[in-house]
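*Asks:*
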Amino acid sequence: MFVGLPPFQQLVDAHWRDVARLSAALAGPRDGDDVAQEAWARALRAYPSLTHAGNLRSWLLTVTAHTALDAQRSRARRDRVPALLAEPVADLEPGPDERLWAGVRALPARQRQAVVLHYVGGMAHGEVARALDTTPAASRRLVSDALAALRVALGEKEEA
Amino acid sequence: MRDLEAALTRLDVRARPPRLDDADVFYAVHDAPVGTLVLAATREGTLVACSYDTEDVVAARLAARLSPRVVREPGRLDEARREVDAYVAGRRRSFDVPVSTVLATPFAQTVLGALARVPYGSTTTYQAIARAIGEPRASRAVGNALGANPLCIVLPCHRVLRTDGSLGGYAGGLDVKRRLLNLESGD
């Protein structure tokens, strides 16, 4: 079946910055580049089997979110023992943004994915729901739970 | 409270575009002395396009005809670009990179095949090509096929003129056609 997919480069030119932002938000500045690169490689592999050319941006950001989660899981497996020996992340004087994004990365996986897809990716709850294989109402709940958790985390640190 | 939501939408990262080595078709936009050319090759390195059309037009053609896994990766076209530049500079008379006319129609492939018998520095006519391929009344169709040459310069459609000696057409413009003919004749 021929679905008239545009040249893949068109997706790269239009969306590479968004994929990079999403990867950095989900995986942090250290792993963000690798996650973005792996997400693009996965997207390129899967591209010819897409059955329609609608909302390719949403598809790319979904692939990126899944790639980031897989990367986090395999890093967690790899780091289980050496975690105590790992050098501290070089946060000399974490600014408000660093604390915000560290808080995002500390959220439970689905809250993190939902809040990042919604705000960083600019995806509506319907699209977030499709990406996370759930309902728009559940996406709203994940996002509001995430915001509440972030407010607590940031508020506590500000008073400390 | 809105501040948090606003802060979540503001994330600037320093990043580079991805490197995609696993595509099916690679292309480069090449600023040559004869104009901007888009060159494209398969993953095996076979040149399939050398076109005066815009990047968007060529990329869409490659996606529709070969594979949607088309990426801009100029490094893959370095050898073809060097050969084109050397030809335009008068330092090369023929091309060594492997080529394929897969983007041309079957009729156009026959027409382009006849160009191989038109040596550097000589010219022929649309009508002569039509006779050579056994379609003596098809000189207009020959002109159209050459006008859609997917491998300009590399397959020398610029060596084909009208029977009255006038230039006919050229995708890169008649100034470029004249320039290539002058280059080959040593003027």
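Residue numbers (this note's numbering), protein chains in the order written: chain A, 1 to 160; chain B, 161 to 347.
Quick reminder that beta carbons are idealized off the backbone N, C-alpha and C, glycines included.
In this text the structure is predicted, and so the values were computed from the model without any measurement.
(1) Any beta carbon from chain A within less than 7 Å of Val217 of chain B's own beta carbon?
(2) Please compile the residues from chain B whose C-beta is within a distance smaller than 8 Å of the C-beta of Leu5 of chain A.
(3) Just to confirm my understanding: we take Gly54 of chain A, look at its own chain, exclude 5 residues before and 5 after, and list those with CB closer than 8 Å. What are they?
(4) Mind listing the chain A neighbours of Leu180 of chain B? Cutoff is C-beta to C-beta under 8 Å, in chain order.
(5) Going straight from the alpha carbon of Arg251 of chain B to that of Gly281 of chain B, what length do you get?
(6) Chain A partners of Leu171 of chain B, CB-CB under 7 Å?
(7) Please confirm if Arg232 of chain B has its CB atom under 7 Å from at least one CB of chain A.
(8) Rounded to a whole number of angstroms, what is the C-alpha to C-alpha distance between Gly307 of chain B and Val35 of chain A?
(9) Can you confirm whether Asp91 of chain A, when its beta carbon is compared against all beta carbons of chain B, has any partner nearer than 7 Å?
(10) Straight-line CA distance for Ser254 of chain B to Tyr247 of chain B?
(11) Classify Ala290 of chain B as buried or exposed, calling it buried when 16 or more other Cβ atoms lie within 10 Å of its own Cβ.
(12) When DSSP labels each residue in this structure, what does Asp191 of chain B get in the three-state scheme?
(13) Just checking: is the beta-carbon of Trp16 of chain A within a distance shorter than 7 Å of some beta-carbon in chain B?
(14) Nearest by alpha-carbon distance to Arg45 of chain A: which of B:Cys210, B:Val231, B:Leu321 and B:Gly325 is it?
(15) Are His118 of chain A and Pro136 of chain A close, meaning C-beta to C-beta below 7 Å?
(16) What is the rounded straight-line gap between the Cα of His318 of chain B and the Cα of Thr261 of chain B?
(17) Below 8 Å on the Cβ atoms is my guess for Thr348 of chain B versus Val120 of chain A; work out the distance and round it to an integer in Å.
(18) Chain B partners of Gly32 of chain A, CB-CB under 9 Å?
(19) Where does the unbroken alpha helix (DSSP H) through Val271 of chain B begin, and where does it stop?
(20) Taking only the alpha-carbon atoms, compute the straight-line gap between Ala297 of chain B and Val12 of chain A and give it to the nearest angstrom.
(21) May I have a chain-ordered list of the alpha helix (DSSP H) segments no shorter than 4 residues that lie completely inside the segment 28–104 of chain A?
(22) Where Val185 of chain B and Leu327 of chain B are concerned, what is the direct C-alpha to C-alpha distance, given to the nearest angstrom?
(23) Three-state secondary structure (DSSP) at Ala148 of chain A?
(24) Which whole runs of the beta strand (DSSP E) in the segment 292–347 of chain B are 3 residues long or more, in chain order?
(25) Using the beta-carbon of each residue, which ones in chain A are nearer than 9 Å to Leu164 of chain B?
(26) Give me, in chain order, the residues of the same chain whose beta-carbon lies closer than 7 Å to that of Val336 of chain B; leave out the 5 immediate sequence neighbours on both sides.
(27) Chain A partners of Ala268 of chain B, CB-CB under 8 Å?
(28) Check whether the segment 64–76 of chain A and the segment 25–40 of chain A are in contact - that is, three or more C-beta pairs closer than 8 Å.
(29) Just the chain B side, please: which residues come within less than 7 Å of Pro136 of chain A by C-beta, in chain order?
(30) With 7 Å as the threshold, decide whether the Cβ of Met1 of chain A is near any Cβ in chain B.
(31) Hey, out of B:Arg236, B:Pro316, B:Gln287 and B:Arg229, whose CA is closest to Leu272 of chain B's CA?
(32) Using 7 Å as the limit for Cβ to Cβ distance, is Pro108 of chain A near chain B?
(33) Cutting at 6 Å between CB atoms, please list the residues of its own chain near Pro310 of chain B, excluding the five before and the five after it.
(34) With H, G and I counted as helix, E and B as strand and the rest as coil, what does DSSP make of Ala209 of chain B?
(35) Whole angstroms are fine: how far does the CA of Ala223 of chain B sit from the CA of Leu199 of chain B?
(36) Can you tell me the Cβ-Cβ gap for Ala43 of chain A and Leu60 of chain A, rounded? I've got them flagged as a contact below 8 Å.
*Replies:* Let's see:
(1) Within the second sequence, residue 217 of chain B is the residue found at index 57, counting from 1. Chain A contact via Cβ: absent.
(2) Residue 5 of chain A sits at position 5 when you count from the first residue of the first sequence. Within chain B, the residues near Leu5 of chain A are Ala223 and Pro228.
(3) For the purposes of this step, residue 54 of chain A is taken as residue 54 along the first sequence, with counting starting at 1. Closer than 8 Å at the Cβ level, and outside the excluded window around Gly54 of chain A, lies no residue.
(4) Here residue 180 of chain B refers to the residue found at position 20 when the second sequence is read from its first residue. Correct list: Phe8, Val12, Trp40, Ala41 and Leu44.
(5) For the purposes of this step, residue 251 of chain B is taken as residue 91 along the second sequence, with counting starting at 1. For the purposes of this step, residue 281 of chain B is taken as residue 121 along the second sequence, with counting starting at 1. Arg251 of chain B and Gly281 of chain B: Cα-Cα distance of roughly 14 Å.
(6) The sequence position of residue 171 of chain B within the second sequence is 11, counting from 1. Going along chain A in sequence order, the residues near Leu171 of chain B (Cβ under 7 Å) are Arg21, Ala24, Ala25 and Val120.
(7) The count along the second sequence starts at 1 and reaches residue 232 of chain B at position 72. It does; some Cβ of chain A falls within 7 Å.
(8) On the second sequence, position 147 is the one that residue 307 of chain B refers to. On the first sequence, position 35 is the one that residue 35 of chain A refers to. If I take the Cα positions, the gap works out to 45 Å.
(9) Locating residue 91 of chain A in the first sequence gives position 91, counting from the first residue. Caution is warranted here: a pLDDT of 46 is assigned to Asp91 of chain A, below 50, making its placement in the model unreliable, and the coordinate value is therefore given only provisionally. It does not: the Cβ of Asp91 of chain A has no partner Cβ on chain B nearer than 7 Å.
(10) Here the question's residue 254 of chain B lines up with position 94 in the second sequence. Here the question's residue 247 of chain B lines up with position 87 in the second sequence. Distance between the alpha carbons of Ser254 of chain B and Tyr247 of chain B: 7 Å.
(11) In the second sequence, the residue the question calls residue 290 of chain B occupies position 130. With 16 or more other Cβ atoms within 10 Å, it is buried.
(12) As a working note, residue 191 of chain B is residue 31 in the second sequence. Asp191 of chain B: strand per DSSP, three-state reduction.
(13) Counting from 1 along the first sequence, the entry for residue 16 of chain A is found at position 16. By this cut-off, Trp16 of chain A is an interface position.
(14) Stepping through the first sequence from its first residue, residue 45 of chain A is reached at position 45. Minimum Cα distance to Arg45 of chain A is reached at B:Val231.
(15) For this step, residue 118 of chain A is matched to residue 118 along the first sequence. For this step, residue 136 of chain A is matched to residue 136 along the first sequence. Going by C-beta atoms, His118 of chain A is not nearer than 7 Å to Pro136 of chain A.
(16) Reading the second sequence from its first residue, position 158 is the one you call residue 318 of chain B. Reading the second sequence from its first residue, position 101 is the one you call residue 261 of chain B. Taking the straight line joining both Cα atoms gives about 17 Å.
(17) This structure gives no information on residue 348 of chain B, because the portion of chain B shown stretches from 161 to 347.
(18) In the first sequence, counting from the first residue as 1, residue 32 of chain A sits at position 32. Near Gly32 of chain A (Cβ distances below 9 Å), the residues of chain B are Val173 and Ala175.
(19) Here residue 271 of chain B corresponds to residue number 111 of the second sequence, with the count starting at 1. Start and end: Pro266 to Ala274.
(20) Residue mapping note: residue 297 of chain B aligns to position 137 of the second sequence, counting from 1. Residue mapping note: residue 12 of chain A aligns to position 12 of the first sequence, counting from 1. Sequence inspection shows Arg at residue 297 of chain B; the Ala mentioned does not correspond to that position. Distance between the alpha carbons of Arg297 of chain B and Val12 of chain A is about 47 Å.
(21) 56–79
(22) One-based indexing of the second sequence puts residue 185 of chain B at position 25. One-based indexing of the second sequence puts residue 327 of chain B at position 167. Roughly 34 Å between the two C-alpha positions.
(23) The sequence position of residue 148 of chain A within the first sequence is 148, counting from 1. If DSSP states are grouped into helix, strand and coil, Ala148 of chain A belongs with the helices.
(24) none
(25) Position 4 of the second sequence, counting from 1, holds the residue named residue 164 of chain B. The contacting residues are Leu100, Leu147, Leu150, Arg151 and Leu154.
(26) Stepping through the second sequence from its first residue, residue 336 of chain B is reached at position 176. Closer than 7 Å at the Cβ level, and outside the excluded window around Val336 of chain B, lie Val194, Gly195 and Tyr330.
(27) Within the second sequence, numbered from 1, the residue matching residue 268 of chain B stands at position 108. Within 8 Å Cβ-Cβ: nothing; Ala268 of chain B doesn't reach chain A, min ~22 Å.
(28) yes
(29) The residue given as residue 136 of chain A occupies position 136 in the first sequence. Within chain B, no residue comes near Pro136 of chain A; the closest Cβ sits about 18 Å away, beyond 7 Å.
(30) For the purposes of this step, residue 1 of chain A is taken as residue 1 along the first sequence, with counting starting at 1. Confidence is the limiting factor: at Met1 of chain A the pLDDT is only 48, short of 50, which leaves the residue's position unreliable, though a coordinate-based value still follows. No, its Cβ sits nowhere closer than 7 Å to a Cβ of chain B.
(31) Within the second sequence, residue 272 of chain B is the residue found at index 112, counting from 1. It is B:Pro316 whose Cα lies nearest to the Cα of Leu272 of chain B.
(32) As a position in the first sequence, residue 108 of chain A is number 108, starting the count at 1. So no, Pro108 of chain A is outside the interface.
(33) For the purposes of this step, residue 310 of chain B is identified with residue 150 of the second sequence, where counting begins at 1. Once the five neighbours on either side are set aside, the close Cβ partners of Pro310 of chain B are Ala209, Leu263 and Ala264.
(34) As a working note, residue 209 of chain B is residue 49 in the second sequence. Reduced to three states, the DSSP call for Ala209 of chain B is strand.
(35) Counting from 1 along the second sequence, the entry for residue 199 of chain B is found at position 39. Counting from 1 along the second sequence, the entry for residue 223 of chain B is found at position 63. Roughly 14 Å between the two C-alpha positions.
(36) Locating residue 43 of chain A in the first sequence gives position 43, counting from the first residue. Locating residue 60 of chain A in the first sequence gives position 60, counting from the first residue. Yes, they are in contact, since the Cβ atoms of Ala43 of chain A and Leu60 of chain A sit about 6 Å apart, within 8 Å.
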